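Novice: Following this message is one structure expressed as structure tokens.
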Ligand code: FAD
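Numbering (UniProt numbering), first residue to last: 56 to 174.
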């Protein structure tokens with residue numbers, strides 16, 4: 056595969072991952088149970104370790120270490136994800152996203168919300 060094709064694959068992977076992260080955090084409960092908080096925290100940490108692009112994974116691990124995900128509410132974790140993405144945008148010299156627009160862009164997953172987990 057040529058260099059251009061690799062960059063296309065890397066960009067596709069990035070877009071797919073950001074879609075999952077932002078959609079998932081925007082659907083996360085407003086008042087998550089301790090179990091839901093721990094599940095999301097672990098998913099984020101494991102994703103940073105397993106992200107299948109060496110350079111991106113290193114960057115992701117560092118960001119998670121420096122600013123651990125705040126999973127206490129939907130609002131907190133959605134903004135955490137927005138900030139992390141903006142740090143990558145900055146690094147890649149892409150425009151900074153206005154996090155007050157999260158709901159407009161990522162608020163609709165095209166499916167019903169999950170049933171509430173009992174506390
Ligand atoms: P993307 O950055 O993929 O964003 C997709 C859409 O999300 C945008 O169109 C916009 O609607 C929305 N969006 C943009 N910013 C935000 C935000 N802050 N919050 C919420 N929504 C937003 N690529 C590299 O070449 N080098 C790297 O080192 C690198 N590191 C990465 C690290 C991680 C953890 C991840 C997940 C990806 C990384 N990528 C890297 C890929 C890169 O971030 C982009 O996904 C890719 O370049 C495609 O960019 P794009 O312009 O299509 O939009």
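The beta-carbon is built from N, C-alpha and C at its ideal position, and this holds for glycine as well.
Since the model is a prediction, treat every value here as computed from it, not as a measurement.
1) Tell whether a beta-carbon distance below 8 Å holds between residue 164 and residue 78.
2) Within 8 Å, do at least three Cβ pairs link the stretch 107-115 to the stretch 85-97?
3) Return the CA-CA distance between residue 141 and residue 65, expressed in angstroms with no decimal places.
4) Can you list, in chain order, the residues of its chain with a C-beta nearer than 6 Å to that of residue 76? Leave out the 5 residues immediately preceding and following it.
5) Alpha carbon to alpha carbon, what distance is there between residue 104 and residue 120?
Specialist: Based on what the coordinates show:
1) Result yes, Cβ atoms of residue 164 and residue 78 sit closer than 8 Å.
2) Touching, no.
3) Rounded to the nearest angstrom, the gap between the Cα atoms of residue 141 and residue 65 is 17 Å.
4) For residue 76, same chain residues with a beta-carbon under 6 Å away, outside a window of 5 residues either side, are 136 in chain order.
5) C-alpha separation (whole angstroms): 11 Å.
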